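Numbering (this note's numbering), first residue to last: 1 to 65.
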(Lines of atoms letter the chains of each structure in order from A; the text may use other names.)
(Lines give C-alpha, C1' and ligand atoms only; values in the text may rest on other atoms or scores of the structure.)
Protein backbone atom coordinates (compact mmCIF):
# COMPACT_ATOMS: atom_id res chain seq x y z
CA UNK A 1 0.00 0.00 0.00
CA UNK A 2 1.42 3.36 -1.01
CA UNK A 3 1.56 6.04 1.63
CA UNK A 4 -1.08 8.18 -0.08
CA UNK A 5 -3.42 5.17 0.04
CA UNK A 6 -2.85 4.97 3.79
CA UNK A 7 -3.98 8.58 4.12
CA UNK A 8 -7.02 7.85 1.94
CA UNK A 9 -7.94 4.90 4.17
CA UNK A 10 -8.33 7.39 7.06
CA UNK A 11 -11.09 9.23 5.20
CA UNK A 12 -14.23 7.56 6.51
CA UNK A 13 -16.52 10.47 7.41
CA UNK A 14 -13.86 13.08 6.76
CA UNK A 15 -13.98 14.88 3.44
CA UNK A 16 -10.25 15.42 3.21
CA UNK A 17 -6.93 15.94 4.92
CA UNK A 18 -4.78 19.07 4.84
CA UNK A 19 -1.11 18.21 5.12
CA UNK A 20 0.97 21.18 6.21
CA UNK A 21 4.00 19.74 7.99
CA UNK A 22 7.02 18.88 5.90
CA UNK A 23 7.05 15.34 7.32
CA UNK A 24 3.37 14.70 6.48
CA UNK A 25 3.79 16.02 2.94
CA UNK A 26 6.92 13.93 2.42
CA UNK A 27 5.19 10.80 3.75
CA UNK A 28 2.16 11.27 1.49
CA UNK A 29 3.82 12.52 -1.69
CA UNK A 30 7.12 10.67 -1.24
CA UNK A 31 8.90 13.85 -2.34
CA UNK A 32 10.65 16.41 -0.17
CA UNK A 33 9.96 20.09 -0.83
CA UNK A 34 10.65 22.64 1.89
CA UNK A 35 7.50 24.72 1.42
CA UNK A 36 3.95 23.79 0.54
CA UNK A 37 0.71 22.13 1.53
CA UNK A 38 -1.19 19.13 0.23
CA UNK A 39 -4.88 18.26 0.20
CA UNK A 40 -5.82 14.59 0.14
CA UNK A 41 -9.41 13.64 -0.67
CA UNK A 42 -11.27 10.89 -2.47
CA UNK A 43 -11.92 13.34 -5.32
CA UNK A 44 -8.20 13.84 -5.86
CA UNK A 45 -4.94 14.90 -4.29
CA UNK A 46 -3.47 18.32 -4.82
CA UNK A 47 -0.08 19.72 -3.89
CA UNK A 48 0.44 23.47 -3.49
CA UNK A 49 3.83 25.13 -3.39
CA UNK A 50 5.38 28.45 -4.35
CA UNK A 51 6.93 29.23 -7.72
CA UNK A 52 10.45 28.23 -6.64
CA UNK A 53 9.43 24.56 -6.48
CA UNK A 54 6.84 24.22 -9.26
CA UNK A 55 9.10 22.47 -11.78
CA UNK A 56 10.51 20.08 -9.17
CA UNK A 57 7.02 19.27 -7.93
CA UNK A 58 5.62 18.62 -11.41
CA UNK A 59 8.49 16.25 -12.22
CA UNK A 60 8.82 14.51 -8.87
CA UNK A 61 5.41 14.13 -7.26
CA UNK A 62 3.26 11.22 -8.43
CA UNK A 63 -0.44 10.86 -7.63
CA UNK A 64 -0.99 14.57 -7.01
CA UNK A 65 -2.17 17.37 -9.30
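No residue lacks a Cβ here, since even glycine has one placed at the ideal position from N, Cα and C. On a predicted model such as this, the values are computed, not experimentally measured, just so you know.
Taking a 10 Å sphere around the C-beta of residue 18, we find fewer than 16 other C-beta atoms and assign the residue as exposed.
Your pair residue 64 and residue 45 checks out as a contact, with CB atoms roughly 5 Å apart and the cut at 8 Å. Contact check for residue 36 and residue 53: beta-carbon distance about 7 Å, within the 8 Å limit, so the pair qualifies.
Counting other Cβ atoms within 10 Å of its Cβ, residue 34 stays below 16 and is therefore classed as exposed. The C-alpha of residue 13 lies about 34 Å from the C-alpha of residue 51.
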